[in-house]
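What follows is a single structure, written as structure tokens, with notes after it.
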Amino acid sequence: MTLDADTITRMVWLELGRAHSSDLATGLRAAEACGVRVLLASAWRAEGKPLSSDVEEELAFWNGQIARYRIAYGLLEARIPSIEVQKGIALQDLYPAGWIRDCGDLDLTLGSRRDVWAAAALLREHGWDSPGCSLILVGDRLEVVVGLWQSPPANRFSNEQRIELASIRFAGNSGTVPPCSQIVTSETPSARIRHLLAILEERFERTFGVRDVIDGSVLIQGAEAIEMRAFFATLDRLSLWPEWRHLLRRMRMLDADPRLPIGPLGPYVGALARRGARWLAMQRHPARWAAELLDRLTVLRPPSDREAALAWWIHTRVSVRSVLEANHPIYGYRLDEDAAADDLELENRNGRLLARTPIGTYLMTYSGAVDARWLTSEDEARLASS
């Protein structure tokens, strides 16, 4: 695939199923619908096309956003050697000079929970806030994901900067594809493998978009044979052949020419069989059903009174710890910022599960949203002040 503005434009119109337009404003609106507006505008500018002052301002903001994320990463890298970037600013370096791959957030993995706490504490010293965290059980070990937030400089394009710190290399899909703390391959893992796996993980939440296709093509074209062998071994280990085949099909639909065969059916069928077996095993855990139902009732949209009542009924009868032990993630809402433990301690208190950490105490739940009825008056006061 030749990476230029014409290639991106062609992909956009193929994705939308519409006839090509040479008008720049029309092209940018189409690119925005496909999530590649900034990428296309920067490609046009790099090729010498004049842009409006509004578009130039937008490019300047996203270029600054990348710079701010690089500063945050550099701050952590100097102190915590285990840190690794997932996609984001790392992929920016693979694009042609002058191109801007806008980054809404910065996803980082670290070698241990203690490294996550240290990174979060360091970022808080530099103005970042850590209102939430998640826990997931991998084998007999609890892994942690901490989300941090900061307001960017005043602008018209984005109202937040986000960093995610994870002690887990691969989170899976909370079900048929299990998480793993470390990605082990038959060869030495490379950054390209990590980034490709991060792209495949996106399929658990949505179909692959134009930018996923472009990112994947860039990574594949620059990979060496030894990297791809290690990548295919990892697909086997993590049962990700269905996501890989879907990405290749999307590449072909958008004429990205990945130059790779879609692969034999054997590994694909084997992955489906393993995932099917895991799905059947999961049906033995009613706590998982409760967690997934509660999410549907409270997260996708504001619940009706009847749905809220059902969510409350579920919450009072299915414990958060039982959901965690069924290998479903649980989510924490910060009650205070005071160091409450050297590492991570879980405490059952008045029917609630608290996570005490070096960066504060979190009220844990298995829903992505908290109903006020789940809180005690003490919880409400602490949430309001944190």
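Each residue of the sequence shown is one higher than the one before, counting from 0 in numbering that gives the first Met the number 0. By construction, the Cβ of each residue, glycine as well, lies at the ideal position given by its N, Cα and C atoms.
Beta-carbon contacts of residue i that lie in its chain and below 8 Å, excluding the five residues immediately before and after
i: L75; result: I82, L107, A118, L121 and L122
i: R320; result: L345, N347 and L352
i: A18; result: W12
i: S185; result: Unreliable positioning characterises S185 in this predicted model, as indicated by a pLDDT of 49, which lies under 50. The coordinate reading is nonetheless provided below. Excluding residues within five positions, the ones whose Cβ falls inside 8 Å are R228, A229 and A232.
i: L50; result: L23, A40, W43, R44 and L58
i: P301; result: none
Same chain only: Cβ atoms within 6 Å of residue i, ignoring 5 sequence neighbours per side
i: R161; result: D104 and W148
i: V115; result: L109, V143, V145, L164 and S166
i: N62; result: I99
i: R333; result: P130, G359, Y361 and S385
i: L323; result: L136 and I329
i: A30; result: V11, R36 and L39
i: H284; result: A325
Cβ neighbours of residue i in the same chain (closer than 7 Å, five flanking residues each side left out)
i: P241; result: Y267, A270 and L271
i: G34; result: G208, V209 and R210
i: W173; result: Position check: residue 173 holds Ser in this sequence, whereas Trp was assumed. Hits under 7 Å: H327 and P328.
i: A71; result: L105, L122 and I162
i: R69; result: I88
i: A222; result: R191
i: H245; result: R202 and F207
i: V317; result: A286 and A289
i: S431; result: Since the displayed the chain opens at 0 and closes at 385, residue 431 lies outside it and no answer follows.
i: M281; result: G174 and R287
When the options are compared against residue i, the one with the closest alpha-carbon
i: A255; options: V322, M10 and A307; result: M10
i: R228; options: Y332, L247, R191 and L264; result: R191
i: D337; options: L247, T356 and W61; result: T356
i: G97; options: A4, P302 and S150; result: A4
i: A310; options: A289, L343, V212 and S21; result: A289
i: G47; options: R316, P178, L23 and R140; result: L23
i: R155; options: A232, D304 and Q64; result: Q64
i: S150; options: L134, A340 and D128; result: D128
i: R140; options: A153, E124, C179 and G126; result: C179
i: G126; options: R67, S52 and T315; result: R67
i: I410; options: L90, F60 and H314; result: In the structure as shown, the chain starts at 0 and stops at 385, and residue 410 therefore has no counterpart that could be examined.
i: R249; options: I198, M281 and E56; result: I198
i: P177; options: T25, W278 and L50; result: W278
i: Q388; options: Y94, P95, C102 and A77; result: No statement about residue 388 is possible, as the shown extent of the chain runs from 0 to 385 and does not include it.
i: L292; options: L247, E56, I313 and R36; result: I313
i: A153; options: P263, M281 and F60; result: F60
i: G265; options: R283, Q282 and L239; result: L239
i: L38; options: P95, E306, H284 and P263; result: P95
i: E306; options: R300, L296 and M281; result: L296
i: L93; options: S303, H284, G215 and R283; result: G215
Whether residue i touches residue j by CB criterion (8 Å)
i: L391; j: W243; result: Because the chain here runs from 0 to 385, residue 391 falls outside it and cannot be looked at.
i: V143; j: S166; result: yes
i: L2; j: V217; result: yes
i: Y365; j: G131; result: no
i: R44; j: L27; result: no
i: I79; j: A42; result: no
i: R193; j: D342; result: no
i: L134; j: A354; result: yes
Check: residue i C-beta below 7 Å from any heavy atom of the ligand NAP
i: A338; result: Among the components modelled here there is no ligand, and therefore nothing to report on the ligand NAP.
Distance between beta carbons of residue j and residue i, contact taken as under 8 Å
i: E200; j: A170; result: 7 Å
i: F230; j: L195; result: 6 Å
i: D286; j: A325; result: Sequence inspection shows Ala at residue 286; the Asp mentioned does not correspond to that position. Right, their Cβ atoms sit about 4 Å apart.
i: Q220; j: M363; result: Contact flag wrong, Cβ pair sits at about 43 Å.
i: A32; j: V54; result: Not a contact, Cβ separation roughly 16 Å.
i: E189; j: E226; result: Going by the sequence as given, residue 189 is Ser instead of Glu. Indeed they touch by this definition, with Cβ atoms about 5 Å apart.
i: R274; j: T175; result: 4 Å
Unbroken beta strand (DSSP E) runs of length 3 or more, entirely within the segment 144-171: which are they?
The qualifying runs are 160-165.
In chain order, which continuous runs of the alpha helix (DSSP H) of length 4 or greater are located wholly inside the segment 302-326?
Here the runs fully enclosed are 304-316 and 319-324.
Give, in chain order, every unbroken run of the alpha helix (DSSP H) that is at least 4 residues long and sits entirely within the segment 224-267.
Runs found: 224-237 and 240-252.
At what residue ranges does the segment 99-126 contain a whole run of the beta strand (DSSP E), taking only runs of 3 or more?
Those beta strand (DSSP E) runs which fall completely within the segment 99-126 and span 3+ residues are 104-108.
Mind pulling the alpha helix (DSSP H) runs of 4 or more residues that sit fully within the segment 19-94?
Contiguous alpha helix (DSSP H) elements confined to the segment 19-94 occur at 23-32, 36-45, 52-76 and 88-91, taking only those with 4 or more residues.
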